[in-house]
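Add 1 to the 1-based position in the sequence shown for our numbering, that's all there is to it.
C-beta: ideal position from N, C-alpha, C; glycine also.
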Amino acid sequence: MYQQIIIVGYLGSDPDMRFTPNGQAVTSFSVATSNKYTSNTGQRVDETTWFRVSVWGSQAESCNQYLAKGRPVMVIGRLRPDPQTGNPRIFNRQDGTPAASFEITAQQVKFLPGGSRGAGGYEDDFGNEQGAPAEDDVIPF
Numbered sequence: 002m003y004q005q006i007i008i009v010g011y012l013g014s015d016p017d018m019r020f021t022p023n024g025q026a027v028t029s030f031s032v033a034t035s036n037k038y039t040s041n042t043g044q045r046v047d048e049t050t051w052f053r054v055s056v057w058g059s060q061a062e063s064c065n066q067y068l069a070k071g072r073p074v075m076v077i078g079r080l081r082p083d084p085q086t087g088n089p090r091i092f093n094r095q096d097g098t099p100a101a102s103f104e105i106t107a108q109q110v111k112f113l114p115g116g117s118r119g120a121g122g123y124e125d126d127f128g129n130e131q132g133a134p135a136e137d138d139v140i141p142f
């Protein structure tokens, strides 16, 4: 069996690198992805999904050195479920509302061109809403 997830988004925090007892580097950071659409009622909806990413080895060191909050990245990896439930990790926020954490173990992190952006709703570097290709860029399949 095989699974793979690909996300493209912006770092929501600076990377945090630490080392395992045997000296292997691991870097963690959060990535926000967004989806903008118009609902059936005609209201504009901005939907942001957060992912917690872990990167291991020499790639962890590169991520810690070159990435910072707001940088665009592409992460290719696998979802890491909660060991007890097999689902995303469920927790309560400080205000008491429920939330879920989607955790990814990265196999590859690609640093994308573009400057620093804040977390939340984004446009890509071409001025288009993320996920909405320009008319000239529509792929015919």
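Nearest-angstrom Cα separation, counted from residue j out to residue i
i: GLY58; j: THR98; result: 35 Å
i: ILE77; j: ASN36; result: 19 Å
i: ILE140; j: PRO22; result: Residue confidence for ILE140 is low, a pLDDT of 45 falling below 50, so the modelled location carries little weight; the figure read from the coordinates is stated next. Roughly 48 Å separates the two Cα atoms.
i: PRO16; j: ILE91; result: 23 Å
i: ASN88; j: TYR3; result: 17 Å
i: MET75; j: SER102; result: 18 Å
i: ARG19; j: GLN85; result: 25 Å
i: CYS64; j: ASP96; result: 32 Å
Beta-carbon proximity list for residue i, same chain, < 6 Å, skipping 5 on both sides
i: GLU48; result: ASN36
i: GLY10; result: VAL32, ALA33, THR34
Sequence-distant residues of the same chain with beta carbon closer than 8 Å to residue i, five excluded per side
i: ASN93; result: PRO99, ALA100
i: ILE8; result: VAL32, THR34, PHE52, MET75, VAL76, ILE105
i: ASP83; result: PRO89, ARG90, ILE91
Residue i burial status per 10 Å Cβ neighbour count (16 or more: buried)
i: THR28; result: buried
i: TYR38; result: exposed
i: GLY24; result: exposed
C-beta contact flag for residue i and residue j at 8 Å
i: SER31; j: GLY43; result: no
i: ALA69; j: TRP51; result: no
i: VAL46; j: SER55; result: no
i: VAL110; j: GLN60; result: yes
i: ILE6; j: ARG79; result: yes
Distance between beta carbons of residue j and residue i, contact taken as under 8 Å
i: GLU104; j: ARG81; result: 4 Å
i: GLU62; j: ALA26; result: 5 Å
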